[in-house]
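Only one structure is covered here, and it is reproduced in the block below.
Number of protein chains: 2
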Amino acid sequence: MTHSPLRPPTMADVARLAGVSHQTVSRVLGDHPNVRDETRAKVQRAIEEMGYRRNSSARALATRRTRTLGVVASNTTLYGPASTLFALEEAARAEGYLVSTVSVRKLTVETLSEALDHLSDGGVEGVIAIAPQRSAVEALAELRRPFPVVAVGTGSASTVPSANVDQHLGARLATGHLLAAGHRTVWHLAGPEDWQEAADRVAGWRATLEEAGVEPPMPLRGDWSPLSGYRAGQELAGWVGRGLTAVFVANDQMALGVLRALREAGVRTPQDVAVVGYDDIPESEFFAPPLTTVRQDFSTVGQRSIALLLDLIEGRTPSGTAQIAIEPQLVVRASTYPYASPPGTAPPG
Amino acid sequence: MTHSPLRPPTMADVARLAGVSHQTVSRVLGDHPNVRDETRAKVQRAIEEMGYRRNSSARALATRRTRTLGVVASNTTLYGPASTLFALEEAARAEGYLVSTVSVRKLTVETLSEALDHLSDGGVEGVIAIAPQRSAVEALAELRRPFPVVAVGTGSASTVPSANVDQHLGARLATGHLLAAGHRTVWHLAGPEDWQEAADRVAGWRATLEEAGVEPPMPLRGDWSPLSGYRAGQELAGWVGRGLTAVFVANDQMALGVLRALREAGVRTPQDVAVVGYDDIPESEFFAPPLTTVRQDFSTVGQRSIALLLDLIEGRTPSGTAQIAIEPQLVVRASTYPYASPPGTAPPG
DNA sequence: GAGGTCATTGTGAGCGCTAACAATTCATGG
DNA sequence: CCATGAATTGTTAGCGCTCACAATGACCTC
Chain A
58 MTHSPLRPPT MADVARLAGV SHQTVSRVLG DHPNVRDETR AKVQRAIEEM GYRRNSSARA
118 LATRRTRTLG VVASNTTLYG PASTLFALEE AARAEGYLVS TVSVRKLTVE TLSEALDHLS
178 DGGVEGVIAI APQRSAVEAL AELRRPFPVV AVGTGSASTV PSANVDQHLG ARLATGHLLA
238 AGHRTVWHLA GPEDWQEAAD RVAGWRATLE EAGVEPPMPL RGDWSPLSGY RAGQELAGWV
298 GRGLTAVFVA NDQMALGVLR ALREAGVRTP QDVAVVGYDD IPESEFFAPP LTTVRQDFST
358 VGQRSIALLL DLIEGRTPSG TAQIAIEPQL VVRASTYPYA SPPGTAPPG
Chain B
58 MTHSPLRPPT MADVARLAGV SHQTVSRVLG DHPNVRDETR AKVQRAIEEM GYRRNSSARA
118 LATRRTRTLG VVASNTTLYG PASTLFALEE AARAEGYLVS TVSVRKLTVE TLSEALDHLS
178 DGGVEGVIAI APQRSAVEAL AELRRPFPVV AVGTGSASTV PSANVDQHLG ARLATGHLLA
238 AGHRTVWHLA GPEDWQEAAD RVAGWRATLE EAGVEPPMPL RGDWSPLSGY RAGQELAGWV
298 GRGLTAVFVA NDQMALGVLR ALREAGVRTP QDVAVVGYDD IPESEFFAPP LTTVRQDFST
358 VGQRSIALLL DLIEGRTPSG TAQIAIEPQL VVRASTYPYA SPPGTAPPG
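Chains A and B are the protein sequences, given in the same order.
So for the first sequence, this note's numbering puts the first residue at 58; every next one is plus one.
So for the second sequence, this note's numbering puts the first residue at 58; every next one is plus one.
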């Protein structure tokens, strides 16, 4: 760090100082075995002294590997996508890769295409698309790029390689939990129609009810926001006393709105209506009442999807066939059980 | 797109197909003026036909510009940092830059140093550090790197160039609003001690009270989480009837906890105690009651900080002197005014 | 019609690194 | 004491692009 030339030192500079060839410096940097310890030490010293760092562009040009991955994320601060993003970066860094991100406001063929091009121009070797909207999955299938693309959050609909939490199972856990608590039926406030994960949760909820011999009521729709949950909650409140005793809400934020609407309508949770959410955001423990919900392990999602993408880059896995499912987990809180233990009523049917 | 050679086409390939020199292709790509329209069209056609894309590594090597910026973010899903991250990427992309992110779990000299090295190895031309913790600011000042670093979220303490929302002003807006509503004094639930923004909010709150001739009570401490807000709320509930009528909480999530604790203690908001939060997260409108809070415009933060960083990279701005302040905004909701209009009581003093 | 100017295009030399191969050193055994 | 091969080091040629400069040709002007 003693010098301060206008241009950063090159490998040749280090080689000169160490009295070796640039190739030997390269070997030291690359942990090549056939270098004498003494030489290695000499080179290391020169590197330290000059504060030398390998030029990544030159390296990338020579090796044809940039060691950079791209991530396309929706421009959102939703808990799921944000958590996934961090988990992805961490997993990628552990493998020595840099992560470049592009955030898009809407997931359409155009925006996705632009995002992929931007990343492509940045030289990424592969891309993870956090693409929860169904349109995005279709767009992704359509957009061929010279590098592999792995989707995350696409639910069951992935025609592209993907890693996903098993949403169907998550919905089953939530719905089954309510049925096991003695509820005759379970209503559902679903997420946006074009989100595959929302559709999968609907399917899991519906299947669980049908297997229990219950005709599923018409699901309500929200847009993930507390406001939409609030609106739906007002509607749901009107059904209390007419068979509505339990609601499975497709995410925690909407559940927050539902809880508020119910409270305002004089409906008690969970005594009158039990509520289950989805995601287990940090706040859900502090809702009134604390929310029973389904937890997704985003850290695992990150690791598995990065592993899959690297496999694809190395050509270890046939593209198009790789689908990874990750198990979610039910977290029981006061919004379904007001007291310590469940009613213990056997499920109907 | 018709060919599919093992290696992607190079500029020379395109040149050959178009019947020109590689340099002419380069000129077309670079929008150089002195190219005949006919030639340009010919080249464009060849580019299309081969699906050619410039190799970014080669370009970076030749120009010594990677057109990549780095961002260091705390591994968090807090609303502020997440919003900032997206805003930064958008602003950078608008300037033609790619953004590489590194997320760290803790902001220490070691983790920051590693993060900067990782980005440095990725060839970034500059870095934005989302560094709200005071320790991070110090660490940043200590860590010299061969590229400029701009801090965001460092509040007033930046010894490095930075762009920040004026936290002092935000706290004044919140506190002044409560005083203007007739409250004799305002309590404060602060954020973590080592967050500079938290300290700035404390300072703004304290200054406002002192200017009104009020002795500030001892501030309480939280860690931004709803749980810590809940705990503090329980403590605050004990002071109701002994002079506590208004609380300024340093973020919305803690305010959520405070609201719940107050409610459980039989304290009504805002009739017994008025509460103001900070951030204006999307959920705060749906708290019980809807939360009065201070909104920060992260999109502006993103644009201004990227602009500053690019100035620094181009050498347009002397390093170390650049500090940008952005104005926050008060959003009034039911947690301070139960009815349509404020009490209209004149502030004391 | 010679000389000059301008627009347009081409040529050659790197950018800093790695990969392949060539050269050297060194220990070892016959 | 030299041949033999392994260990170690050096040399050369690109990777695909941009930059500086040279070359070409069209079009004027006097």
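Ideal Cβ placement from N, Cα and C applies to all residues, glycine included.
The model shown is predicted, which means the values in this text are computed figures rather than measured ones.
Please compile the residues from chain A whose C-beta is within a distance smaller than 7 Å of the C-beta of V159/B. By Cβ distance, chain A contributes E146, R150.
Is DSSP giving Q253/A helix, strand or coil here? DSSP places Q253/A in helix when its eight states are reduced to three.
Between H156/B and chain A, is the shortest Cβ-Cβ distance under 8 Å, so that the two count as touching? Here residue 156/B is Val; the residue named in the question, His, does not match the sequence. Chain A contact via Cβ: present.
Boundaries (first-last residue) of the alpha helix (DSSP H) holding A130/B: For A130/B, there is no enclosing alpha helix (DSSP H); the residue is found in the beta strand (DSSP E) stretching over 125-131.
Under 8 Å between C-beta atoms of A289/A and L316/A: No.
Can you tell me whether DSSP reads S170/A as helix, strand or coil? It is helical.
With a Cβ-Cβ cutoff of 8 Å, do Q253/B and S282/B count as a contact? Cβ atoms of Q253/B and S282/B: not closer than 8 Å.
Can you tell which of H234/B, L277/B, F343/B has its C-alpha closest to the C-alpha of A255/B? Nearest of H234/B, L277/B, F343/B to A255/B, Cα basis: L277/B.
Taking contact to mean 3 or more Cβ pairs, one atom from each stretch, closer than 8 Å, check whether the segment 155-166 of chain A and the segment 89-102 of chain A are in contact. Short answer: they don't touch.
Can you tell me whether P346/A is buried or exposed, with buried defined as 16 or more other CB within 10 angstroms of its CB? Around the beta carbon of P346/A, a 10 Å sphere encloses 16 or more other beta carbons of the protein chains shown; the residue is thus reported as buried.
Residue-chain proximity (P385/A, chain B), Cβ-Cβ < 8 Å: Answer no: the Cβ-Cβ gap between P385/A and chain B never drops below 8 Å.
Tell me, please, whether the CB atom of G314/B is closer than 8 Å to any CB atom in chain A? At least one chain A Cβ lies under 8 Å of G314/B.
Residues that S285/A contacts on chain B, provided the C-beta gap is smaller than 9 Å: Those within 9 Å of S285/A in chain B number zero; the least Cβ separation is about 10 Å.
Should L145/B and E182/B be called a contact, given that it needs their Cβ atoms to be closer than 8 Å? Taking 8 Å as the Cβ cut-off, L145/B and E182/B do not qualify as a contacting pair.
Of all the residues that make up the segment 197-225 of chain A, which are near chain B by a beta-carbon distance shorter than 8 Å? Going along the segment 197-225 of chain A in chain order, one finds P203 with a Cβ nearer than 8 Å to chain B.
What residue ranges within the segment 129-207 of chain B form continuous alpha helix (DSSP H) runs of no fewer than 4 residues, ordered along the chain? If we require 4 residues or more, the alpha helix (DSSP H) runs fully inside the segment 129-207 of chain B come out as 136-151, 166-178, 191-199.
Does the Cβ of T59/B have 16 or more other Cβ atoms within 10 Å, making it buried, or fewer, making it exposed? Since pLDDT at T59/B reaches only 40, below the 50 mark, its modelled position is unreliable, and the value read off the structure follows with that caveat. The residue is exposed, with fewer than 16 neighbouring Cβ atoms inside 10 Å.
Nearest CA to the CA of D174/A: which residue from L200/A, R241/A, T374/A, E321/A? Selected option, being the one with the closest Cα: L200/A.
Near-chain B residues of the segment 170-181 of chain A (beta-carbon distance less than 7 Å), N- to C-terminal order: Under the 7 Å Cβ criterion, the segment 170-181 of chain A contributes H175, S177, D178, G179, G180.
Going by DSSP, which residues form a beta bridge with R352/B? Beta-bridge pairing links R352/B to D336/B, Q386/B.
With H, G and I counted as helix, E and B as strand and the rest as coil, what does DSSP make of A72/A? When DSSP states are grouped into helix, strand and coil, A72/A belongs to the helix group.
Is F143/B close to chain A, meaning its C-beta is less than 8 Å from at least one C-beta of that chain? Closer than 8 Å to the CB of F143/B there is at least one CB belonging to chain A.
Short Cβ contact (8 Å threshold) for G261/B with Q291/B: Not a contact, by the Cβ cut-off of 8 Å.
Under 8 Å, Cβ to Cβ, is there at least one residue of chain A near V388/B? No, its Cβ sits nowhere closer than 8 Å to a Cβ of chain A.
Straight-line gap, T393/B to G248/B (C-alpha atoms, nearest Å): T393/B and G248/B have their C-alpha atoms some 21 Å from each other.
Do G227/B and Y109/B have their beta-carbon atoms positioned less than 8 Å apart in this structure? For Y109/B and G227/B, no; Cβs fall outside 8 Å.
If we define contact as Cβ-Cβ less than 8 Å, is N132/B a contact residue for chain A? With 8 Å as the cut-off, N132/B counts as an interface residue toward chain A.
When you compare only the Cα positions, how much space is there between A186/B and V166/B? About 13 Å.
Can the beta-carbon of V304/B be found less than 8 Å from the beta-carbon of V332/B? Judged by their CB atoms, V304/B and V332/B are nearer to each other than the 8 Å cut-off.
contact_flag[the segment 204-214 of chain B, the segment 351-365 of chain B] where n(CB pairs < 8 Å) is 3 or more: Taking 8 Å as the limit for Cβ pairs, the verdict is that the segment 351-365 of chain B does touch the segment 204-214 of chain B.
In angstroms with no decimal places, state the Cα-to-Cα distance between P273/B and V389/B. Their backbone Cα atoms lie some 23 Å apart in a straight line.
Determine the extent of the alpha helix (DSSP H) in which V100/A is found, giving its start and end residues. It spans 94-107 - the alpha helix (DSSP H) in which V100/A sits, taken as one unbroken run.
Quick check on H225/A: does DSSP put it in helix, strand or coil? H225/A: helix per DSSP, three-state reduction.
Run of the beta strand (DSSP E) containing L246/B, from where it starts to where it stops: Its beta strand (DSSP E) spans residues 244-247.
Would L118/A pass as an interface residue toward chain B - the criterion being a Cβ-Cβ separation below 8 Å? Closer than 8 Å: yes.
Relative to the C-alpha of E268/A, which residue among N91/A, V243/A, W296/A is closest? Measuring from the Cα of E268/A, the nearest candidate turns out to be V243/A.
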